[in-house]
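Numbering (UniProt numbering), first residue to last: 1 to 298. Even glycine gets a Cβ: it sits at the ideal position worked out from N, Cα and C. Okay, so here's the structure we're looking at.
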Amino acid sequence: MDIQLNDIALFVEVAKRKNFSHAAEALGIPSATLSKRVTELERRIGMQLLTRTTRRIELTEAGALYFDRCRHIIEEARVAHEQLQDMAALPRGRLRVSMGPSLAALVLPVVMREFTDQYPDIECEFDVTERRLDPISNPFDLVLRLGPQPDSSLISRKLMLMSHQLYASHDYLERHGQPLTPADLSHHDCLRFPGGEGSSSYWILHSGDRVERVAVFGRLIANNVGMLGRLAARGMGIVPLPVFHAMEKAIAQVGLVRVLPDWNLTPMPLFALLPSRTIPAKTRAFLDFIQPRLQERR
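Written out as structure tokens, the structure is:
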């Protein structure tokens, strides 16, 4: 069977995007050429892999099976080729990363200048969203998400448990007083994420073996921790913030101070979601760079 690996790679790209024009644009070849190459692949195999309509293409049963087997082979070959190139050069190329708005607002401003200085040949493209990604058509090299993740064919790797601590501005504490116990939080304006029942939410705090579940209230709710942090810096209330090495200076610069220093909220896992167990050099460079900077200073 005279089938070239390049033709399989072309089919995989079309199957991922379910659109010849989009796949051709990503590959940098004419759409007509791509269609002709995939049709020739089907002829050589002797089975139809795609059903084509004017609006969309779909995988046949045989095409779905072929795609499921071949996409891993193509990824392995691509990474092997890249790793050989990287033996003699720094990691390079476009790195596509998806992360939630809260994580992006906290992490990117404090770490990316150093990363771009260290890896000048990596071009970073960030997608800032919390939406659930389709594992097959996912166009990203790396997805970073906080909290438990739904099952998918993406490879999940827990990077760390991110500690959360409570902060407020000097101005707020001067006006409202310093809480001395977790129970005191119920008398303060607490800046919260959505999801509580009615006007209240519950924070679970830990200090050694002690655990306190406290009902907290507040007039301001947002689904972005960066926004909540800025509100806290303006004296609007007490906020839980993830704490990591690179954030300590930024927290101090906006005038926030620790509240209930002996207590932490329940840590939240940070996951890296990857399309393959074989990690390209550019992705590994980003993970190896960012992971120690997200660790809490001990």
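Q. Roughly how many angstroms lie between the CA atoms of I74 and G100, to the nearest whole one?
A. Here residue 74 is taken as the residue at index 74 of the sequence shown, counted from 1. Here residue 100 is taken as the residue at index 100 of the sequence shown, counted from 1. C-alpha of I74 to C-alpha of G100: approximately 29 Å in a straight line.
**Prompt:** In chain order, which continuous runs of the beta strand (DSSP E) of length 3 or greater are located wholly inside the region 72 to 124?
**Reply:** 93 to 99
### Query
Distance, Cα to Cα, A272 vs A215?
Start at 1 with the first residue of the sequence shown, and residue 272 comes out as number 272. Start at 1 with the first residue of the sequence shown, and residue 215 comes out as number 215. One C-alpha to the other measures close to 32 Å.
Item to check | Other residues of its chain near F67: CB distance less than 7 Å, five sequence neighbours each side excluded | outcome: Mapped onto the sequence shown, residue 67 falls at position 67. Same-chain partners within the cutoff: V12, A15, L59.
In the DSSP assignment, what are the bridge partners of I29? The count along the sequence shown starts at 1 and reaches residue 29 at position 29. Note: I29 sits in no beta bridge, so no partner.
For A167: DSSP bridge partner residues: Here the question's residue 167 lines up with position 167 in the sequence shown. Checking the displayed sequence, the identity of residue 167 turns out to be Tyr instead of Ala. Y167 is bridged to V239, R258.
#### Entry: Which listed residue (L166, G237, E61) has its alpha carbon closest to that of P267
Along the sequence shown, read from residue 1 onward, the residue named residue 267 stands at position 267. Nearest of L166, G237, E61 to P267, Cα basis: L166.
Within 7 Å: the Cβ of E114 and any heavy atom of the ligand NAD? The model on display carries no ligand, and the ligand NAD is accordingly not part of it.
Which of helix, strand or coil DSSP assigns to N6:
Sequence index remark: in the sequence shown, residue 6 carries index 6 (1-based). N6: helix per DSSP, three-state reduction.
Rounded straight-line distance, which links the Cα of A77 to that of residue 303:
The requested residue 303 does not occur in the structure, where the chain is confined to residues 1 to 298.
Would you kindly check if the distance between the Cβ of I204 and the Cβ of R210 is under 8 Å? The residue given as residue 210 occupies position 210 in the sequence shown. The residue given as residue 204 occupies position 204 in the sequence shown. The beta carbons of R210 and I204 sit no closer together than 8 Å.
* To do: Within its chain, find whatever has a CB closer than 7 Å to the CB of G218; leave out the 5 residues flanking it on each side and keep chain order.
  => Taking the sequence shown and counting its residues from 1, one reaches residue 218 at position 218. For G218, where only same-chain residues beyond five positions count, the Cβ hits under 7 Å are D189, C190, L191, R192, G237.
| With DSSP run on the structure shown, which of helix, strand or coil describes H188? | As a working mapping, residue 188 is identified with position 188 in the sequence shown. Reduced to three states, the DSSP call for H188 is coil.
Give the DSSP-derived three-state secondary structure of A215 in the structure shown. Locating residue 215 in the sequence shown gives position 215, where the first residue counts as 1. Here A215 sits in strand by DSSP.
Let's test the definition: count the other Cβ atoms within 10 Å of the Cβ of K158 and tell me whether it reaches 16, buried, or not, exposed. As a first step, residue 158 must be located in the sequence shown, where it is residue number 158. So K158 ends up on the exposed side.
Q | Nearest-angstrom Cα separation, counted from S186 out to V97 | A | Against the sequence shown, residue 97 aligns to sequence position 97. Against the sequence shown, residue 186 aligns to sequence position 186. Those two C-alpha atoms are separated by around 39 Å.
(request) Take the Cβ of S207 as the centre, count every other Cβ of all protein chains shown within 10 Å, and call the residue buried at 16 or more, exposed below. (result) Here the question's residue 207 lines up with position 207 in the sequence shown. Under this definition S207 is an exposed residue.
Discussion item. On the criterion of 16 or more Cβ atoms from any shown chain inside 10 Å, does V107 qualify as buried, or is it exposed?
Written reply: In the sequence shown, the residue the question calls residue 107 occupies position 107. V107 comes out buried.
request  = Mind reading off the beta-carbon distance from A233 to V254? Whole number of angstroms is fine, and I expect it under 8 Å.
outcome  = By one-based count along the sequence shown, residue 233 stands at place 233. By one-based count along the sequence shown, residue 254 stands at place 254. Beta-carbon to beta-carbon, A233 and V254 are separated by about 4 Å, close enough to satisfy the 8 Å threshold.
- Query: Which residue's Cα is closest to the Cα of R132: R145, D121, P120?
  - Reply: Translated into positions along the sequence shown, residue 132 becomes position 132. When only C-alpha atoms are compared, the closest one is R145.
### Query
Cβ atoms of H164 and V257: under 8 Å apart, would you say?
The sequence position of residue 257 within the sequence shown is 257, counting from 1. The sequence position of residue 164 within the sequence shown is 164, counting from 1. Their beta carbons are not under 8 Å apart, which means V257 does not touch H164 by this criterion.
Presumed contact (8 Å Cβ cut-off) between L294 and M160, rounded CB distance:
Position 294 of the sequence shown, counting from 1, holds the residue named residue 294. Position 160 of the sequence shown, counting from 1, holds the residue named residue 160. Yes, L294 and M160 are in contact; Cβ-Cβ is about 6 Å, under 8 Å.
* Measure the alpha-carbon distance for R52 versus E25 and round it to whole angstroms. => Numbered from its first residue, the sequence shown carries residue 52 at position 52. Numbered from its first residue, the sequence shown carries residue 25 at position 25. Roughly 18 Å separates the two Cα atoms.
**Message:** Taking 6 Å as the limit between beta carbons, can you name the residues of its chain near G235, skipping five residues before and five after?
**Reply:** Residue 235 sits at position 235 when you count from the first residue of the sequence shown. Closer than 6 Å at the Cβ level, and outside the excluded window around G235, lie S169, D171, Y172.
Margin query: Buried or exposed, going by whether 16 or more other CB atoms sit within 10 Å of the CB of residue 330?
Written below: A query on residue 330 cannot be resolved here, the shown segment of the chain reaching from 1 to 298 and no further.
>> In this structure, how does DSSP classify K282 when only helix, strand and coil are distinguished?
In response: As a first step, residue 282 is located in the sequence shown; it is residue number 282 there, counting from the start. Here K282 sits in helix by DSSP.
**Asked** Between which two residues does the alpha helix (DSSP H) containing A222 stretch?
**Response** Numbered from 1 along the sequence shown, position 222 holds the residue referred to as residue 222. No alpha helix (DSSP H) holds A222; DSSP gives it neither H nor E.
Margin query: If I follow the unbroken beta strand (DSSP E) through F271, where does it start and stop?
Written below: On the sequence shown, position 271 is the one that residue 271 refers to. Looking at the DSSP string, the run of the beta strand (DSSP E) that includes F271 is 264 to 274.
Is it right to say T116 is buried, meaning 16 or more other beta carbons lie within 10 angstroms of its own, or is it exposed? The count along the sequence shown starts at 1 and reaches residue 116 at position 116. Exposed, because fewer than 16 other Cβ atoms sit within 10 Å of the Cβ of T116.
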